[in-house]
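Some notes on the structure that comes next.
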Amino acid sequence: MSLLIASTPELPLGTSGKYVAAAYIVFVVLILVYVAIMAMRAQRLERELAELRRDVEEAKAAGSSPPDREHEAVL
Amino acid sequence: MFFYAPLDVSQGFVQKIFYIHVPLAIVSLGGFIFGGVLAIGYLRTGDRAWDMRSYVAIHMALIFGVGGLITGSIWAKASWGHWWVWNEPTLVSFLIVLLLFATYQPMRFSIEDPERQSRYASVFAVVAGAFVPLNYLAVSLATAYVHPRVLTLNSANLPPSMGLVFVVSLVGITLLYVTLWKFEMAAKNARSQVRRLRRTLLGDDTVRPVGRSAAPS
Numbered sequence: 019m020s021l022l023i024a025s026t027p028e029l030p031l032g033t034s035g036k037y038v039a040a041a042y043i044v045f046v047v048l049i050l051v052y053v054a055i056m057a058m059r060a061q062r063l064e065r066e067l068a069e070l071r072r073d074v075e076e077a078k079a080a081g082s083s084p085p086d087r088e089h090e091a092v093l
Numbered sequence: 413m414f415f416y417a418p419l420d421v422s423q424g425f426v427q428k429i430f431y432i433h434v435p436l437a438i439v440s441l442g443g444f445i446f447g448g449v450l451a452i453g454y455l456r457t458g459d460r461a462w463d464m465r466s467y468v469a470i471h472m473a474l475i476f477g478v479g480g481l482i483t484g485s486i487w488a489k490a491s492w493g494h495w496w497v498w499n500e501p502t503l504v505s506f507l508i509v510l511l512l513f514a515t516y517q518p519m520r521f522s523i524e525d526p527e528r529q530s531r532y533a534s535v536f537a538v539v540a541g542a543f544v545p546l547n548y549l550a551v552s553l554a555t556a557y558v559h560p561r562v563l564t565l566n567s568a569n570l571p572p573s574m575g576l577v578f579v580v581s582l583v584g585i586t587l588l589y590v591t592l593w594k595f596e597m598a599a600k601n602a603r604s605q606v607r608r609l610r611r612t613l614l615g616d617d618t619v620r621p622v623g624r625s626a627a628p629s
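Heads up: the protein sequence lines correspond to chains H and L, in order. Letter by letter, the first sequence follows residues 19 to 93 of our numbering. Letter by letter, the second sequence follows residues 413 to 629 of our numbering.
Have a look at this one:
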């Protein structure tokens, strides 16, 4: 890695280096903020999905219990 | 882009901003047109999936546009000594387009009925999308500009090595736009499917109210 860095030509940064760095940092930060927001939304969706699964299982259990009990009573 | 592309004779190292600023601006404007084209799909079919596609395309283009605006402003400060030049048609016209599309989400939010929201937003997207190339043509006809004209409709005034780096940057930013568009579309589709499942499986009364939203549901 250090060899690779040593072999790369030196950039004539001068006073403009900070502006170029700022422009590219703005781009990276913009993308990172967007990805972070999307990650939070994905987490929320995961929670909603888990909640839905729980609710469906509860509804299923509540719906299936009376016939089961009836079946047991007959037996 | 830092090592392969040669240094610009007049601007030096600061010209490297060109490889991020111009693709962001082009992809942003292309995204606005793309959103307008997708909105035609909604107006023709009435399928709200097209409205969702159009909404996400405009949303993404707005983010890329803000990136293009900020990077351009940084380049202007380094190159001209000012963050913003008001008598420059290219800059002002881009700002007008960006502000025009910035009203898209508040406009959606102001309409409660989903059908009306989709219809009005689609009409807005088509009209504003058509404004983008017209605006570009109007600016091209303007003579008093200080903004460098590197790319025109007829030719690209770039040396081959710079041109290659620019094309690679443009393709990269376009692919990023398409990837993020697909990513957000997948997320929004998954969310609306979960809501639909809740309504189907548990009944309307058990689903929490969604509330007013700018995004298509």
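Glycine included, each C-beta is placed from N, C-alpha and C at the ideal position. Computed from a prediction, not measured in an experiment: that's the story for all the values here.
Would residue i pass as a contact of residue j if the rule is Cβ separation under 8 Å?
| i | j | result |
| --- | --- | --- |
| H/Val44 | L/Gly479 | yes |
| L/Thr483 | L/Leu549 | no |
| L/Ser530 | L/Pro418 | no |
| L/Leu609 | H/Leu70 | yes |
| L/Ser466 | L/Gly442 | no |
| H/Leu48 | L/Arg603 | no |
| L/Ile445 | L/Gly541 | yes |
| L/Ile523 | L/Tyr516 | no |
| H/Met56 | L/Phe595 | yes |
| H/Asp73 | L/Leu614 | yes |
Please go through the same chain and pick out, in chain order, the residues whose beta-carbon is closer than 6 Å to the beta-carbon of residue i, but skip the five residues on each side of it.
| i | result |
| --- | --- |
| H/Gly35 | none |
| L/Met574 | Ala417 |
What did DSSP end up calling residue i once you bin it into helix, strand or coil?
| i | result |
| --- | --- |
| L/Asp459 | coil |
| H/Asp73 | helix |
| L/Arg493 | For the sequence presented, residue 493 of chain L should be read as Gly rather than Arg. DSSP places L/Gly493 in coil when its eight states are reduced to three. |
| L/Gly424 | strand |
| H/Ser34 | coil |
| L/Pro643 | With chain L represented from 413 up to 629, any question about residue 643 of chain L goes unanswered, as that position is not in the structure. |
| H/Ala79 | helix |
| L/Tyr548 | helix |
| L/Ser604 | helix |
| L/Tyr416 | coil |
Between the C-alpha atoms of residue i and residue j, what's the straight-line distance to the nearest angstrom?
| i | j | result |
| --- | --- | --- |
| L/Met519 | L/Leu510 | 15 Å |
| H/Tyr52 | H/Val46 | 10 Å |
| L/Phe425 | H/Val38 | 8 Å |
| L/Phe430 | L/Pro571 | 14 Å |
| L/Arg632 | L/His433 | Residue 632 of chain L lies beyond the range of chain L shown here (413 to 629); nothing can be said about it. |
| L/Val583 | L/His471 | 20 Å |
| L/Thr612 | L/Phe543 | 42 Å |
| H/Leu50 | L/Met597 | 18 Å |
| H/Glu90 | H/Glu76 | Model confidence at H/Glu90 stands at a pLDDT of 44, short of 50, so the residue's coordinates are unreliable; what they give is reported in the following sentence. Going from the Cα of H/Glu90 to the Cα of H/Glu76 covers about 21 Å. |
| L/Thr641 | L/Ala469 | In the structure as shown, chain L begins at 413 and stops at 629. Residue 641 of chain L is therefore absent and cannot be evaluated. |
| L/Glu527 | L/Val535 | 13 Å |
Got a sec? Which residues, its chain only, sit under 8 Å from residue i by beta carbon, not counting five neighbours each side?
| i | result |
| --- | --- |
| H/Ala60 | none |
| H/Leu93 | Bear in mind that the predicted position of H/Leu93 carries a pLDDT of just 41, short of 50, making it unreliable; the figure below should be weighed with that in mind. Counting only Cβ-Cβ distances below 8 Å, and skipping sequence neighbours, we find nothing. |
| L/Ile508 | Asn547 |
| L/Arg538 | A quick correction: the sequence has Val, not Arg, at residue 538 of chain L. Excluding residues within five positions, the ones whose Cβ falls inside 8 Å are Gly448, Ala451, Ile452 and Leu455. |
| L/Val504 | Trp498 |
Output needed for residue i: all residues of its chain with C-beta closer than 7 Å, excluding positions within five of it in sequence on either side, in chain order.
| i | result |
| --- | --- |
| L/Ile585 | Pro435, Leu436 and Val439 |
| L/Trp495 | Ser485, Ala488 and Lys489 |
| H/Glu66 | none |
In chain order, what residues of the region 469-491 of chain L put their CB closer than 8 Å to some CB of chain H? Ile475, Val478, Gly479, Ile482, Thr483, Ile486, Trp487, Lys489 and Ala490
Return the residues of the region 46-61 of chain H that lie within a Cβ-Cβ distance of less than 7 Å from chain L, sorted by chain order. Leu48, Tyr52, Met56, Arg59 and Ala60
Chain H contacts made by the region 524-555 of chain L, where a contact means CB separation under 8 Å: none
Going along the region 590-605 of chain L in order, which residues come within less than 8 Å of chain H, judged by CB to CB distance? Leu592, Phe595, Glu596, Ala599, Ala602 and Arg603
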